[in-house]
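Chemist: Those sequence lines, one after another, are chains A and B.
The opening position of the first sequence corresponds to residue 6 in the numbering used here, with each subsequent residue numbered one higher.
The opening position of the second sequence corresponds to residue 1064 in the numbering used here, with each subsequent residue numbered one higher.
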Amino acid sequence: MKFSFTDDQRLFAEGLRDLLANECPASLVREVWENGTGHSPELWSHLSGMGVLSIMAPESDGGMGGSFVDAILLFQELGRAAVPGPVLEHMAVAVPAIASTTFGAPLIAGDSIATLWVDDSPYVAHAAVADVIVRKDHVLESFDATDAHGMDGGRRLFTVAGGERTNANANVGGLDPFDAMALASAAYLIGLSERMIEIAAEYARVREQFGKPIGSFQAVKHLMSDALLKVEFAKAPTYRAAFSASTGADTTTRDISMAKALASEAAYRTSRSTMQVHGGIGYTWEADLQLWMKKAWALMRSYGDANFHRRRVSGFVLA
Amino acid sequence: MDLRETADEIAFRLEARTWLEANVPSEPLPSFDTAEGFALHRQWEKKLYDGRWSAVSWPEQYGGRGADYIKWLIFEEEYYRAGAPGRVNQNGIFLLGPTIMEVGTDAQKEKFLPTMASSEIVWGQAWSEPNAGSDLAGIKSKAMRDGDDWILNGQKIWASRAVWADWCFGIFRTDPEAERHRGLTFILCPLNLPGITVRPIAQLDGDTGFAEIFFDDVRVPVENTLGEVDKGWGVAMATAGFERGVSLRSPARFSEAVNRLVQLWNRLGDKSDTALADAVTDVWMQAEGYRLHTYQTVTGMLEGRPIGAEASLNKIFWSEMDVRIHEIALQIIGPEAERMEGPLERWVDGFLFSLSGPIYAGTNEIQRNIIADRVLQLPKGM
Ligand SMILES: Cc1cc2nc3c(=O)[nH]c(=O)nc-3n(C[C@H](O)[C@H](O)[C@H](O)COP(=O)(O)OP(=O)(O)OC[C@H]3O[C@@H](n4cnc5c(N)ncnc54)[C@H](O)[C@@H]3O)c2cc1C
Chain A
6 MKFSFTDDQR LFAEGLRDLL ANECPASLVR EVWENGTGHS PELWSHLSGM
56 GVLSIMAPES DGGMGGSFVD AILLFQELGR AAVPGPVLEH MAVAVPAIAS
106 TTFGAPLIAG DSIATLWVDD SPYVAHAAVA DVIVRKDHVL ESFDATDAHG
156 MDGGRRLFTV AGGERTNANA NVGGLDPFDA MALASAAYLI GLSERMIEIA
206 AEYARVREQF GKPIGSFQAV KHLMSDALLK VEFAKAPTYR AAFSASTGAD
256 TTTRDISMAK ALASEAAYRT SRSTMQVHGG IGYTWEADLQ LWMKKAWALM
306 RSYGDANFHR RRVSGFVLA
Chain B
1064 MDLRETADEI AFRLEARTWL EANVPSEPLP SFDTAEGFAL HRQWEKKLYD
1114 GRWSAVSWPE QYGGRGADYI KWLIFEEEYY RAGAPGRVNQ NGIFLLGPTI
1164 MEVGTDAQKE KFLPTMASSE IVWGQAWSEP NAGSDLAGIK SKAMRDGDDW
1214 ILNGQKIWAS RAVWADWCFG IFRTDPEAER HRGLTFILCP LNLPGITVRP
1264 IAQLDGDTGF AEIFFDDVRV PVENTLGEVD KGWGVAMATA GFERGVSLRS
1314 PARFSEAVNR LVQLWNRLGD KSDTALADAV TDVWMQAEGY RLHTYQTVTG
1364 MLEGRPIGAE ASLNKIFWSE MDVRIHEIAL QIIGPEAERM EGPLERWVDG
1414 FLFSLSGPIY AGTNEIQRNI IADRVLQLPK GM
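(1) With three or more beta-carbon pairs closer than 8 Å as the criterion, would you say the stretch 1074–1090 of chain B touches the stretch 1130–1144 of chain B?
(2) Given this structure, state the Cα-to-Cα distance separating residue 1163 (chain B) from residue 198 (chain A), to the nearest angstrom.
(3) Alpha carbon to alpha carbon, what distance is there between residue 159 (chain A) and residue 38 (chain A)?
(4) Inspect the beta-carbon positions of residue 1344 (chain B) and residue 319 (chain A) and report whether they are closer than 7 Å.
(5) Taking 6 Å as the cut-off, is the CB of residue 1302 (chain B) close to at least one heavy atom of ligand 1?
(6) What is the DSSP secondary structure of residue 237 (chain A), counted as helix, strand or coil?
(7) Would you say the beta carbon of residue 1362 (chain B) is closer than 6 Å to some non-hydrogen atom of ligand 1?
(8) Would you say residue 1381 (chain B) touches ligand 2, meaning its beta carbon is less than 6 Å from a heavy atom?
(9) Is any non-hydrogen atom of ligand 1 found closer than 6 Å to the C-beta of residue 1422 (chain B), if you look at the structure I gave you?
(10) Looking at the C-beta of residue 183 (chain A), does it have a partner C-beta in chain B at a distance below 7 Å?
(11) What residues from the stretch 1066–1087 of chain B come within 8 Å of chain A, judged by C-beta to C-beta, listed N to C?
(12) Between the stretch 212–234 of chain A and chain B, which residues of the former have a C-beta closer than 8 Å to a C-beta of the latter?
(13) Rounded to whole angstroms, how far is the Cβ of residue 1108 (chain B) from the Cβ of residue 1152 (chain B), which I believe are closer than 8 Å?
(14) In terms of residue numbering, what span does the beta strand (DSSP E) encompassing residue 170 (chain A) cover?
(15) Measuring straight from C-alpha to C-alpha, what distance separates residue 107 (chain A) and residue 1373 (chain B)?
(16) Does at least one heavy atom of ligand 1 sit under 6 Å from the Cβ of residue 1153 (chain B)?
(17) Can you list, in chain order, the stretches of the alpha helix (DSSP H) that have 4 or more residues and sit fully within the stretch 1095–1164 of chain B?
(18) Under the rule that 16 or more other beta-carbon atoms within 10 Å means buried, what is residue 207 (chain A), buried or exposed?
(19) At a threshold of 6 Å, does residue 1222 (chain B) count as lining ligand 1 (C-beta to nearest heavy atom)?
(20) Taking the continuous beta strand (DSSP E) assigned at residue 146 (chain A), which residues delimit it?
(21) Following the continuous alpha helix (DSSP H) through residue 1217 (chain B), name the residue where it begins and the one where it ends.
(22) What is the DSSP secondary structure of residue 1243 (chain B), counted as helix, strand or coil?
(23) What residues in the stretch 248–260 of chain A have a beta carbon less than 7 Å from any beta carbon of chain B?
(24) Determine the direct distance from the alpha carbon of residue 1174 (chain B) to that of residue 1168 (chain B), and round the result to whole angstroms.
(25) Determine, using beta carbons only, whether residue 282 (chain A) comes closer than 7 Å to chain B.
(26) Could you check where the beta strand (DSSP E) with residue 163 (chain A) kicks off and where it finishes?
(27) Closer than 7 Å by beta-carbon distance: list the chain B residues that pair up with residue 10 (chain A), in chain order.
(28) Which residue comes first and which comes last in the alpha helix (DSSP H) that contains residue 298 (chain A)?
(29) By the three-class DSSP mapping on this structure, what secondary structure does residue 1349 (chain B) have?
(30) Alpha carbon to alpha carbon, how far is residue 214 (chain A) from residue 165 (chain A)? Give it in angstroms, no decimals.
(31) Just tell me which of A:309, A:245, A:280, A:276 has its CA closest to the CA of residue 1348 (chain B).
(32) From the beta carbon of residue 1326 (chain B), is the nearest beta carbon of chain A less than 7 Å away?
(33) Please report the residue range of the beta strand (DSSP E) in which residue 1187 (chain B) lies.
(34) Should the stretch 174–192 of chain A be called in touch with the stretch 65–80 of chain A, which here means at least 3 C-beta pairs below 8 Å?
(35) How many angstroms separate the CA atom of residue 1131 (chain B) from the CA atom of residue 1083 (chain B)?
(36) Cβ of residue 1356 (chain B) less than 7 Å from any chain A Cβ?
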C-alpha cells in the first residue's frame, strides 16, 4: 500500500503549474471570455507541446500511455489556472477513447480539437471551437452549433444539430465517457478550489477594515479554514478514484462518484466562502474570482452533480 | 501509487485477525471509566502486550513490532473489526510513548516504555487547568527546583482516566519570569505520591471519566523531566501534533462505526426517507475519505514528508464526522434514542461521547485558528 505520486508525476504537474503561471494568467482567461471564443489557440499549442493533451494516448498510437493516475494531478493543475477550452474533454476522453481510429493522429498531435457530448445533457460545451464531437457510440464532424449562453466564458455552451456521423465506441479503458469526465472534473474542481482559496487568502491579507487586515478576523479565518477542510478531504478520494480507474477495479464507478460528489460540494462551499471574504468586490464582473467561481458552478453540475453521484454511491453502500 | 496491500501487509493483517479472533473477549467489557472496567481493560492490555499487539509501531525492544504506519493502520482496522475493547492506556501508548521515543533519554526509554506497553503503568495527561484550557500557555501550576527534586504545586483538570491511572505527564511553569510559552517544563509524575489529591469528575454520561489533580508540595526527582527544562511547550506540541494528526483517532474507528450505521439503516431505517438515506451515504463517504486521507498522510510520513499544521484539519474532520454519525443513528432509532439503557444504548452513549470530540485535544475553534494562521498564512488575530 503506497498512497503517493511518483517524483515524475509530481514534477510533471509542477512543470505544468509553471507553464500555466506564464501562459494562462487570469488576464488570458478573461480575454477568451471577452472575445467570445472560450478558447486560446496559443495556450492549446503550449499544452500540446508539453505533452499534456496527449498524456493518455496509448503507447501503440504514439502517445505516452499515461493512466488516470498519471493525469489526475494535471487535471488539478489545469483547474488551478481555470484553463479555458475543451482540455478535459480532449485529454480525458477523446484522446484515449478514439486514439486508434482515423481521428486519432491529429487529436494526439493537438492539431484537431475534440469535445464531448454526454447523454444526460442537451448542451455541448466548447462545440464552436471543436473539430469533432465525441459521443458514446459515434463521432460527429461538420455540425451546426448554436450558442446556448453558458455562464462560464471559458466553457461556452451550445446546442448542436446535424453533422456527419462516424460510428466509434468511445470508452476510456472500459470507462464510460461520462465517468471519465466526472473523474477529470473532480480533479479540476479541486484545482479551482485551491486557487479560489489562495485568491481569497491573498485578499484577506491586504484588505483592511477597522484598521486591521480582514484576515485577522476570526469569522473570516473560520470561513476559510472550513473551505480548505472540504477541499483537502476531497483530494484523497479523487486520487483513489484515479487509481481504481487505472487498474479497472470493481469499485471504479462508486469511487468516481464519491470523488465527484465531494469535489463538487467542496468547490461550491469554497466559491461561497471566498466570495464572502471579498465583500462587495466579490460581486463584480471585474474581480477575477468569478472566472473560477463560474467554472466551478458549471462543472459541479456537469457529468453528474453531487446529488446524482451521492445516490449512485448509495446504490453501492446501502442495502 | 499502489493502493493494494503487499503480500507482507496481507500476511500481517491475517496474523492480527487470527490473534484477535482467538483473544478478544466475547462479551464487551464494562466501561473503562468504572473501577471494575478499568481493571478489566488493564488485563486486556496485558494480554495484548503478551501477544505483542499493544504497540505495534514501537520498536521491538520496547514491546512493539517495529511495524510501519501502514501496518499500524491495518492493525487498527482489524482491531475495530474484531470489536476489541477501548484502549485504556491510549494517552500513554499513542501520545506520551512517541514523545519519549523522540526526546527522552535512554534511561527514560528503558524505564517507561515497556511498562507503558504492558499497561502495568497507565498514564493520564495533566495539561489543562481551570483557567488554562484553550489558552494552554496560561498554565499556572509550578515546579520549583529543590536540589535533585522538583516541587510541584497547582491544579490540573479534565485529566482523562486519571481517577485510576498510575502516573501522569504534565506541564508546569518553571520560570515565572519568562514569556508565557517559554519557562514551561514537561514532567512525569506518579499519582500516588504524598501531596497529590485526585478528585473524580463525572462526565455527561455520569461515569467518572476524568479528574482534577491537585499538587501540594509534591516532590519528584528531576530525572522525571522529559526534554529540556523550560522547553516543555515544544515537547507538548510535538505530542499534540501527533495526536491530532493520526494517532488519537485512527480511521478504523469511524469505518467500523459507519458500517454499523449502514446495518442500522438497513435494519430500521424508513426507506422512504431519502434525505436520511443521503445522510447515511454522506457519512459513509466521510469515513472512507478520512481513511484514504490518512493512508495518504502516512505514506507521506514514510517518504519523509512529516505532518505539520494540517494535522488540525484531521482533528476537525474526525470529530465533526463522529458527531454526525451519531446524530444520524439517533434519528434512525427514534424513541429508543431517549434511553440510556436498552438494546441500542451504544448509539446513545456514543452520541454523548462524540460531543466531546470537538472540545478535547484542542477545540475545533482553536484548530480553525491554527489552520488559518499556519496553513493559510492569514494575519494573527489577537
Ligand atoms: C472528554 C474530555 C477529555 C479531556 N481529556 C483531557 C486530558 O486527558 N488532559 C487534559 O489536559 N485535558 C483534557 N481535556 C481538556 C480539553 O483539552 C479542554 O477542555 C479544551 O482544551 C478546552 O478548554 P476549556 O475546557 O478550558 O474551554 P475554553 O478554553 O474555556 O473554551 C470555551 C469555548 O471558547 C472557545 N474559545 C476559547 N478560546 C478561543 C479562541 N481563541 N478563539 C475562538 N474560540 C475560542 C472554545 O473553542 C470553546 O468553544 C479533556 C476534555 C474533554 C471534554
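C-beta atoms are modelled at their ideal positions from N, C-alpha and C, and glycine is treated no differently.
Modeler: By the coordinates alone:
(1) Yes: the two stretches touch, three or more of their Cβ pairs being nearer than 8 Å.
(2) On the second sequence, residue 1163 (chain B) is found 100 positions in, with the first residue counted as 1. On the first sequence, residue 198 (chain A) is found 193 positions in, with the first residue counted as 1. Going by the C-alpha atoms only, they are around 40 Å apart.
(3) By 1-based counting over the first sequence, the position of residue 38 (chain A) is 33. By 1-based counting over the first sequence, the position of residue 159 (chain A) is 154. Separation of residue 38 (chain A) and residue 159 (chain A) (C-alpha to C-alpha, rounded to the nearest whole angstrom) is 6 Å.
(4) In the second sequence, residue 1344 (chain B) corresponds to position 281, counting from 1. In the first sequence, residue 319 (chain A) corresponds to position 314, counting from 1. Yes, the pair counts as a contact, with Cβ atoms nearer than the cut-off.
(5) Within the second sequence, the letter at position 239 stands for residue 1302 (chain B). Answer for residue 1302 (chain B): no, Cβ out of range of ligand 1.
(6) Residue numbering aside, residue 237 (chain A) sits at position 232 when the first sequence is read from its first letter. In the structure shown, residue 237 (chain A) sits in a helix (DSSP, three-state: H, G or I).
(7) Working through the second sequence from its first residue, we reach residue 1362 (chain B) at position 299. Ligand 1 has no heavy atom closer than 6 Å to the beta-carbon of residue 1362 (chain B).
(8) As for ligand 2, it is missing from this structure, which binds only ligand 1.
(9) Walking along the second sequence from the start, residue 1422 (chain B) turns up at place 359. At least one heavy atom of ligand 1 is nearer than 6 Å to the Cβ of residue 1422 (chain B), so yes.
(10) As a position in the first sequence, residue 183 (chain A) is number 178, starting the count at 1. Interface flag for residue 183 (chain A) against chain B is unset, since no Cβ pair is found closer than 7 Å.
(11) Contacts with chain A (Cβ-Cβ distance below 8 Å) from the stretch 1066–1087 of chain B involve 1066, 1067, 1068, 1069, 1072, listed in chain order.
(12) So the list reads 217, 218, 220, 221, 222, 223, 225, 226, 227, 229, 230, 231, 233, 234, given in the order they occur along the chain.
(13) Here residue 1108 (chain B) refers to the residue found at position 45 of the second sequence. Here residue 1152 (chain B) refers to the residue found at position 89 of the second sequence. Contact between residue 1108 (chain B) and residue 1152 (chain B) holds: their C-beta atoms lie close to 6 Å from each other, under 8 Å.
(14) Locating residue 170 (chain A) in the first sequence gives position 165, counting from the first residue. First-last of the beta strand (DSSP E) with residue 170 (chain A): 169–172.
(15) Working through the first sequence from its first residue, we reach residue 107 (chain A) at position 102. Working through the second sequence from its first residue, we reach residue 1373 (chain B) at position 310. Looking at the two C-alpha atoms, the distance is approximately 49 Å.
(16) For the purposes of this step, residue 1153 (chain B) is identified with residue 90 of the second sequence, where counting begins at 1. Taking the Cβ of residue 1153 (chain B) as the reference point, every heavy atom of ligand 1 lies at 6 Å or farther away.
(17) Within the stretch 1095–1164 of chain B, the complete alpha helix (DSSP H) runs of at least 4 residues fall at 1098–1113, 1132–1144.
(18) Mapped onto the first sequence, residue 207 (chain A) falls at position 202. Counting the other CB atoms within 10 Å of its CB gives residue 207 (chain A) a total below 16, which places it among the exposed residues.
(19) Within the second sequence, residue 1222 (chain B) is the residue found at index 159, counting from 1. Correct: residue 1222 (chain B) has its Cβ closer than 6 Å to ligand 1.
(20) Locating residue 146 (chain A) in the first sequence gives position 141, where the first residue counts as 1. Counting along the chain, residue 146 (chain A) sits inside the beta strand (DSSP E) bounded by residues 143–146.
(21) In the second sequence, the residue the question calls residue 1217 (chain B) occupies position 154. Counting along the chain, residue 1217 (chain B) falls outside any alpha helix (DSSP H), though it belongs to the beta strand (DSSP E) covering 1212–1223.
(22) By one-based count along the second sequence, residue 1243 (chain B) stands at place 180. In the structure shown, residue 1243 (chain B) falls within a coil segment according to DSSP collapsed to helix, strand and coil.
(23) Going along the stretch 248–260 of chain A in chain order, one finds 248 with a Cβ nearer than 7 Å to chain B.
(24) Indexing the second sequence from 1 puts residue 1168 (chain B) at position 105. Indexing the second sequence from 1 puts residue 1174 (chain B) at position 111. Rounded to the nearest whole angstrom, the C-alpha separation of residue 1168 (chain B) and residue 1174 (chain B) is 10 Å.
(25) Your numbering for residue 282 (chain A) matches position 277 in the first sequence. At least 7 Å separates the CB of residue 282 (chain A) from every CB of chain B.
(26) On the first sequence, position 158 is the one that residue 163 (chain A) refers to. 162–166 is the span of the beta strand (DSSP E), which, as asked, contains residue 163 (chain A).
(27) By one-based count along the first sequence, residue 10 (chain A) stands at place 5. Against chain B, the beta carbon of residue 10 (chain A) has neighbours under 7 Å at 1064, listed in chain order.
(28) For the purposes of this step, residue 298 (chain A) is taken as the residue at position 293 of the first sequence. First-last of the alpha helix (DSSP H) with residue 298 (chain A): 294–306.
(29) Here residue 1349 (chain B) corresponds to residue number 286 of the second sequence, with the count starting at 1. In this structure, residue 1349 (chain B) counts as helix in the three-state DSSP scheme.
(30) Looking up residue 165 (chain A) in the first sequence gives position 160. Looking up residue 214 (chain A) in the first sequence gives position 209. When rounded, the distance between both Cα atoms is 50 Å.
(31) Counting from 1 along the second sequence, the entry for residue 1348 (chain B) is found at position 285. When each option's Cα is compared against that of residue 1348 (chain B), the closest is A:245.
(32) Here residue 1326 (chain B) corresponds to residue number 263 of the second sequence, with the count starting at 1. Chain A, which has no Cβ nearer than 7 Å to the Cβ of residue 1326 (chain B), makes this no.
(33) In the second sequence, the residue the question calls residue 1187 (chain B) occupies position 124. Residues 1186–1189.
(34) For the pair of segments examined, the stretch 174–192 of chain A was found to touch the stretch 65–80 of chain A: the number of CB pairs separated by less than 8 Å reaches three.
(35) Position 68 of the second sequence, counting from 1, holds the residue named residue 1131 (chain B). Position 20 of the second sequence, counting from 1, holds the residue named residue 1083 (chain B). If I take the Cα positions, the gap works out to 19 Å.
(36) In the second sequence, the residue the question calls residue 1356 (chain B) occupies position 293. Output row for residue 1356 (chain B): interface = yes.
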